[in-house]
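First up is the structure itself, then whatever we jot down about it.
Protein chains in written order, with the numbering used here: chain A, 1 to 143; chain B, 144 to 292.
Rendered as C-alpha cells:
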C-alpha cells in the first residue's frame, strides 16, 4: 500500500483552519495525513505581555492552553469529516519552528490558508508564507 | 483541573498491554471495574475508530486517547504508565509511555480544557521524567498537584 503523504498545516490563528476546513471537500484527502501545527510567536507574545502588563510566562501558559484547545477542537472537526489528522504545538520563533519541523519530520507538502489579516499577526503570517514559498523545497499550497 | 479528576485508584502504574488495541481494552476494563464505563465494546469500537482517524499520540512518549459520547455518564480520567512504551503511531515514532485516557459526555465543557491542560503539562520534559520515575499513585498525584499550583 502506498505511503500516505504528510501535509503540514501551520497556523497562527483559528480563522485559517476554518478556511482550510471549508476547502477540504475539494481536496483529495484519502491518501493524505494532515498535521495541524499551532504556532505561537514569542516576539508577538512579548509585545502582548507588555501591552497587557502581564507576566510573559503566565501569558504563554494561557496562550498554550488556548492553542491546545483549538488544536483538539479542529482535530474533532477534521475527524468528523473522515480526515486523518494529528496535532502539534510549538512556540518560539515561527520561521525557525517551521523549518525545524520540516527537517525533523517527513513532510511532503505545506498547506496554508490565504492571509487577509493586517497588523502584526498579518505580517507574521505573510512572512511565514513568503518564507516557505521562497526557501522551502516542499510543495506549498495556499487555499 | 487534572488533580480534581485523577484519583489514586485511577492510575495504573504499569500497563500490561503491549499494543494500542490491548492498552485501550485494558483501560476500558479498568474503567469498567471502577464503574466509569458500562458499554465496553461500544466504547472500544468508537475510541479505536477515532484512533484510526488520527493518532491521539503527541510527541515525546505521550498519548491521550479520548472519547466524547452520549453513552458516557460522566467525565473521567485514567492514567496508565508503560515503561517499555506502546506503539501509538506517534508522529515522532516514539513509543507512548504516559497514556492518559479520557471519557466525557458529548457536550462536556471541561473536555477541551482538560485535554489542553494535560498536553501542556506533558510538554515539560521535567514533568514527564518525574511522572515516569514516580513510585506510587500518590507520588504522581503530588507531582501533578504541584505543577497545577
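Cβ atoms here follow ideal geometry from the backbone N, Cα and C, with glycine treated the same way. Keep in mind it's a predicted model, so treat the numbers as computed, not measured.
Nearest CB-CB separation between residue 196 of chain B and chain A: below the 8 Å threshold. With a beta-carbon spacing of about 4 Å, residue 259 of chain B and residue 68 of chain A fall inside the 8 Å limit used to define contacts. Counting along the chain, residue 247 of chain B sits inside the beta strand (DSSP E) bounded by residues 239-247. The alpha-carbon of residue 127 of chain A is positioned some 10 Å away from that of residue 121 of chain A. Flagged as an interface residue toward chain B: residue 64 of chain A, by a C-beta distance shorter than 8 Å. According to the DSSP assignment, residue 32 of chain A belongs to the beta strand (DSSP E) that extends over 32-41.
Inter-residue distance for residue 237 of chain B and residue 252 of chain B is about 31 Å (C-alpha atoms, whole angstroms). Within the region 263-289 of chain B, the runs of alpha helix (DSSP H) that reach at least 4 residues and sit entirely inside it are, in chain order, 268-276. Within the region 217-236 of chain B, the residues whose Cβ lies closer than 7 Å to some Cβ of chain A are 234, listed in chain order. Listed along the chain, the chain A residues whose CB falls inside 7 Å of the CB of residue 202 of chain B are 88. Within its own chain, the residues whose Cβ lies closer than 6 Å to the Cβ of residue 92 of chain A, once the five positions on either side in sequence are excluded, are 42, listed in chain order. Across the region 3-35 of chain A, CB contacts with chain B closer than 9 Å involve 6, 33, 34 and 35, in sequence order along the chain. A Cβ of chain A is located within less than 8 Å of the beta carbon of residue 262 of chain B. With contacts defined by Cβ atoms closer than 8 Å, residue 220 of chain B and residue 158 of chain B do not form a contacting pair. Residue 287 of chain B is positioned such that its CB atom lies no closer than 8 Å to that of residue 154 of chain B. By the criterion of at least three beta-carbon pairs nearer than 8 Å, the region 52-63 of chain A is not in contact with the region 240-254 of chain B. Residue 213 of chain B and residue 184 of chain B have their C-alpha atoms some 15 Å from each other. No Cβ of chain B is located within less than 8 Å of the beta carbon of residue 44 of chain A.
When only Cα atoms are considered, residue 50 of chain A and residue 44 of chain A end up about 10 Å apart. Using a Cβ distance threshold of 8 Å, residue 89 of chain A and residue 102 of chain A do not count as a contacting pair. Around the CB of residue 166 of chain B, 16 or more other CB atoms lie within 10 Å, so the residue is classed as buried.
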